[in-house]
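> The structure is given below, and queries will be raised subsequently.
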Amino acid sequence: VKEVIFRGTKPVVIMSRTDERFLAKLFEQEIPEVYDGLITIKGVVRIPGEKAKVAVESYDDRIDPVGACVGMKG
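Each residue of the sequence shown is one higher than the one before, counting from 148 in this note's numbering.
And the structure:
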């Protein structure tokens with residue numbers, strides 16, 4: 148949900164799958180370490196339909212933030 152505008156008594160909901168926040172929320176849902184707060188998302192840049200870059204960080208030396216987000220098969 149990008150924005151909610153009220154016109155009279157009816158709300159208009161504007162949704163976007165190209166917004167950077169969409170990818171950040173997707174990471175929170177799919178990666179347990181991000182959801183638990185062990186890994187933080189520092190920034191997201193994307194070209195929708197082409198590529199995305201996500202900067203992640205962990206303050207715990209035992210956790211590899213990139214490995215946890217990308218997975219074993221990359």
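Cβ atoms here follow ideal geometry from the backbone N, Cα and C, with glycine treated the same way.
#1: With a 10 Å radius around its C-beta and 16 neighbouring C-beta atoms as the bar for buried, classify L173 as buried or exposed.
#2: When you compare each of A215, K200 and G155 to E177 by their alpha carbons, which one comes out closest?
#3: By how many angstroms is the C-alpha of V160 removed from the C-alpha of V191?
#4: Please go through the region 186-219 and give each complete alpha helix (DSSP H) segment of 4 or more residues, from N-terminal end onward.
#5: How about A199 and I188: are their beta carbons less than 7 Å apart?
With the given structure in hand:
#1: exposed
#2: A215
#3: 23 Å
#4: 212-217
#5: no
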